[in-house]
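Following: one structure in structure tokens, then a few remarks.
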Amino acid sequence: MTHHYQCNGPDHTLSRRRMLGALAGGGVAASTLGIDGLLRPAVAEDMKSKQRQVLFIWLDGAMSQLESWDPKPHTEFGGPFRAIPTSVPGLRISELLPHTAKQMHRLSLVRNLHTVFEDHSRAVKPIQRGDPKNRGVTYPFLGSAVAKFLGPGESRLPPYLHIKPGSGGFHYQDAGFLGARYGAIALGDGKPPSHMTRPKSITDEADAARNALRQKLNQRFRKGRREAEIDAYDYSFSSAQQLMKRKDLFDPSKLTAKDQERYGTHQFGRHLLQARRLLEAGVTFVKVTMYYWDTHADNFNLHADLLAQFDRPFAAIMDDLSDAGMLEHTTVIVLSEFGRTPKISQKVGRDHFPEAWSMCMGGAGLAQGAVVGKTNAKGTWIEGEEYDIGHVFHTIFRAIGIDPAKTEYDNNGQPLPLANEDCGPIKELLV
Amino acid sequence: MPMRRVFPTICVLLAATGAIAAEPLLHRQIDRAVAKRAGGPLAGPASDAEFMRRVYLDLSGTIPTSAEARSFLADKNSAKRQKLVDRLLAGPNYARRMQEALSVMLLERRVGKNVSAKSWEKYLRNSFAKNKPWDRLAGEILSGEGRSEPSQPAIKFFVVGGRTDQHQMTRDVARLFLGMDVQCAQCHDHPSIDEYTQADYFGLLAYLTSSKVKKNPKTQLAYFVETPLAGPLDFASVFSPEDKRKTGPRLPGKKEIAVPTFEKGKEIDQPAKDGVPAVPKFRPRTLLSEQLTSAGNERFKRNSVNRFWYLMMGRGLVHPLDLMHKGNPPSHPKLLGQLADRFAKQKFDVKWLLREMALSETYQRSGLLPKGVRAEDAPAERYQAAIAKPLSAEQLTWSLLQATGNLDALMKAAEVKDSKFTFKDYINGRIPLPADIAETMLLMTSVFGNPPGEAEVDFAPAVGHSLYLLNEPLLQSWLKPKGGNLVDRLGKLKEPAKVAEELYLSVLTRLPNDEENTEVAEYLKRFEKRRSEAIGELAWALLASAEFRLNH
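Next comes the structure, spelled out in structure tokens:
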């Protein structure tokens, strides 16, 4: 098996040196976007015209490609489930995804992922950071990177919200070298935090005045210190103030019975419906995490159960984004940290498998109804071209209007590529 | 200085002098080790104000009053820092601070009714007040059965909600007392950490598997007692279920203990009586408490000093704290060994250890980075500048009360008998403001503490925290003038410069600079028609600043 990367394409002919030279002197646009020099300015100008959004569904623990995007029925490792036709002629996916099957004309599949990490603790973060080359810096998660590129948009809402089971909080570590304020605001169980209403005794004027003082104190304090914690703390206040203006987004009385029925009242259904409301309100990047996909034992029953929870709400949000015309500017990504082994273990489980797995993405900026790459008949190897997570990141960045070949991070003077420079975009998915 | 304060200082000094002959002072060893691996310039010493706030928070759990700050800043004695350390270690708040820090660390905000929070807190406070050696305290927690009065509450560690399953106990004993997160090793050898084997996991489990929660039907008192262990435990990796293996109790890296067999009916040493459960002849958990906490157990010693180091310095020498293994080496390997050995040699004297750390230049370094050094060039593990630590929910509560001058009144408030206060009822408006310190603390820890079972190590400022500080009526009530509290005191000061001085000393334990003086004066002038509210807003801005939220 070869691990051939699609590199050294024409996008790579633009050298970093040339680019830095070409962009020198063009440093005006950055400030208008509030991008403050962390991106090279010419790109910022590029992005200004179109507000883009991202729905990122993270299936934590790793979904089995064989029970979802790349079924191999009637083969040695295929398992008990059939493959069914989809809205894309000739494309079949697992019968566990009947509603999603009707959405495939809006989505594309990548069936030739080959990544390097094979245990959760090593995979979850690098995969969401795009596995860049090690330059001694911590790269941002996808959500932090997109929050950085696209900002909060016209909504002024925090650009990176993360709906997850369990507790909420501020995951500033997601932001890596971008700095704490690009971290994720986690909404535990999709719920807003308490204390969203200001006491009547505090007038607008007094509130503005006291907060201006607070910010001045923070500005003075951060001089000459490690600023990550200070900025994260300050950002938690500005996020709080923006959220206070949009309490309606979390008001359950504003949900229709029909939507609740379509999405389901189970956890992931509720979370995806909440995600739709946040996207409608203009939040730039909404991440929804679903846990418990690590099916080392009893893989088939568990996947039947988990995919039933995933399928209907996912199809519902695709319909809704499409009906509202939002798919024209919203990119949808469904990803895990790796796939699962074709070999079925003695516990009727599937283990970790980064060698040949699949993901699904679609919506704005991406080809729809496409299938990229293929695995062999048993699903044990990739036949032909392979892609790594770096390719996926190049593709996603291109989809939201950033070309990693033409732009780079400026980490306090250290130029850093946006995505692994040994990779390029998945050409079949670019539009 | 009053005589009774001088005396203990002299004793400590004599003790320290005695140690010089044998070995160098530990705080000097710390500084040498840190300087050696700094890899760049070190920050200068913390200012008196910076040091005072830090050491108060670390050793007494709260910021000082403005009066204490004034007197320390004015003190010209060159040994005043050492005196302050000794005064705080001997002071009444030391035991409370250690109880709070260790409760958060060991229980991870788990709660439960088998042992009341109050009696557990009292037990820990008494232990720290008496400076009980750490190996003994850890041993009591690990071996506790709840049969004898003073240490009865020690069983809370095991019987708290969410930990009553023996697998969870095994995992938490390994994490918290040995610095090993062995969760993955329950089903197979750890996939990425060679040292954490499934045999280690089951060796630990074998000490704990026969311990059960029992209740005395007469007194309703909870016990956590050992029951007869039938034999070694069977286990097999999920990857090779055919390869069946066995282990008796065994600590990682140590010898397995043979499980004795008894004739049927002869396993019991003392039969159950009057609702008190039976005592079996073979009690592996008792052995665990002895073997785990012995000076010969390198892992225990290292984990212990690593965790105390983390409390003082803001980051473990091994970090994350529960990933002590070859693939995640300590930032200062030799120092970790020295700390561990000397702590054991000093008979696990916690006050001695904390004192040595507090006296080090490393601890007393400024939080300001050395001139010209950028944050990314001074990674925390080199300790070139002091690491900012988040205030725990408890430190934040005491400090907010202290700063706003409402502490004394609240401490004098009558205790609410059989309080029904819950966070949920409160935020849903079903019950009024907290009425005593316990209810106040419950509200604050519900907002600023992590959910049960989540360790509190890193700073995680959440939107929920900010919303609370922006909008919580209780905090607003503390900023209304009342009986000599901060806003009341400031309201009586005419001159803006006096207001600024008292405000900054009370809240941030330092004097305001020129810019800040001007800022206060302008704010008071701008809102002179509502001066009292304006003073409350000034205080709020300081309380909501990062400088207050962090122990820097």
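Residue numbers (our numbering), protein chains in the order written: chain A, 1 to 431; chain B, 432 to 983.
Glycine included, each C-beta is placed from N, C-alpha and C at the ideal position.
Is residue 825 of chain B close to chain A, meaning its C-beta is less than 8 Å from at least one C-beta of that chain?
no
Which of the three DSSP states is assigned to residue 196 of chain A in this structure?
coil
So that I know if they touch, is there some Cβ in chain B lying closer than 8 Å to that of residue 261 of chain A?
no
Quick check on the DSSP output: the beta strand (DSSP E) that includes residue 408 of chain A runs from which residue to which?
408-411
Going along chain A in order, which residues have a C-beta closer than 7 Å to the C-beta of residue 749 of chain B?
Within 7 Å Cβ-Cβ: nothing; residue 749 of chain B doesn't reach chain A, min ~16 Å.
Suppose the cutoff is 7 Å on Cβ atoms and the five residues either side in sequence are ignored; what does the same chain contact list for residue 810 of chain B look like?
If we look at residue 810 of chain B and ignore the five residues flanking it on each side, it has no Cβ neighbours.
Just curious, the alpha helix (DSSP H) that residue 487 of chain B is in, first and last residue?
Its alpha helix (DSSP H) spans residues 479-491.
Unbroken beta strand (DSSP E) run spanning residue 361 of chain A, endpoints
357-363
Can you tell me which of the three DSSP states residue 371 of chain A falls into?
strand
Would you report the Cα separation of residue 933 of chain B and residue 921 of chain B, rounded to the nearest angstrom?
7 Å
Residue range of the unbroken beta strand (DSSP E) whose run includes residue 289 of chain A
285-290
Using only the alpha-carbon positions, how far apart do residue 64 of chain A and residue 341 of chain A sit?
Distance between the alpha carbons of residue 64 of chain A and residue 341 of chain A is about 8 Å.
Given a cut-off of 8 Å, decide if residue 930 of chain B and residue 974 of chain B are closer than it, judged by their beta-carbon atoms.
no
Going along the chain, which residues of its own chain have a beta-carbon closer than 6 Å to the beta-carbon of residue 149 of chain A, five neighbours each way excluded?
402
Please report how far the alpha carbon of residue 336 of chain A lies from the alpha carbon of residue 572 of chain B, in whole angstroms.
Roughly 41 Å separates the two Cα atoms.
Range covered by the beta strand (DSSP E) that runs through residue 678 of chain B
676-678
Since residue 301 of chain A is in the alpha helix (DSSP H), which residue starts that stretch and which ends it?
299-323
N- and C-terminal bounds of the alpha helix (DSSP H) containing residue 58 of chain A:
Residue 58 of chain A -> not in any alpha helix (DSSP H); beta strand (DSSP E) instead, spanning 53-59.
Assuming residue 110 of chain A is part of the beta strand (DSSP E), what are its boundary residues?
For residue 110 of chain A, the enclosing beta strand (DSSP E) stretches over residues 107-113.
When you compare the stretch 375-395 of chain A with the stretch 350-359 of chain A, are there three or more beta-carbon pairs, one atom per stretch, that lie closer than 8 Å?
yes
Please list the residues of the stretch 223-241 of chain A that have a C-beta atom closer than 9 Å to any C-beta atom in chain B, keeping them in chain order.
223, 224, 225, 226, 227, 228, 229, 230, 231, 232, 233, 234, 235, 236, 237, 238, 239, 240 and 241
Run through the stretch 92-148 of chain A for me and flag every whole alpha helix (DSSP H) of 4 or more residues, listed as ranges in chain order.
98-101 and 120-129
Residues bridged to residue 85 of chain A (per DSSP):
DSSP lists A:92 as partners of residue 85 of chain A.
Between residue 197 of chain A and chain B, is any beta-carbon pair separated by less than 8 Å?
yes
Given 8 Å, three or more beta-carbon pairs between the stretch 688-696 of chain B and the stretch 613-626 of chain B:
no
Buried or exposed (CB count within 10 angstroms, at least 16 for buried), residue 44 of chain A:
In this prediction, residue 44 of chain A has a pLDDT of 44, which is less than 50 and means its spatial position is unreliable; nothing more can be read from the coordinates.
Check the DSSP bridge columns for residue 665 of chain B and list the partner residues they point to.
Residue 665 of chain B is bridged to B:677.
How many angstroms separate the CA atom of residue 905 of chain B from the CA atom of residue 131 of chain A?
47 Å
Rounded to whole angstroms, what is the Cα-Cα separation between residue 507 of chain B and residue 169 of chain A?
45 Å
Where does residue 795 of chain B sit, in a helix, a strand or coil, going by DSSP?
coil
Which residues in chain A have a C-beta closer than 9 Å to the C-beta of residue 805 of chain B? List them in chain order.
412
The beta strand (DSSP E) that contains residue 184 of chain A, what's its start and end?
184-188
Return no unless some Cβ of chain B is closer than 8 Å to the Cβ of residue 123 of chain A.
no
Closest to residue 831 of chain B by CA distance: which of B:805, B:854, B:879 and B:855 is it?
Nearest option by C-alpha distance: B:879.
Would a check of beta-carbon distances place residue 300 of chain A closer than 8 Å to chain B?
no
Can the beta-carbon of residue 285 of chain A be found less than 8 Å from the beta-carbon of residue 143 of chain A?
yes
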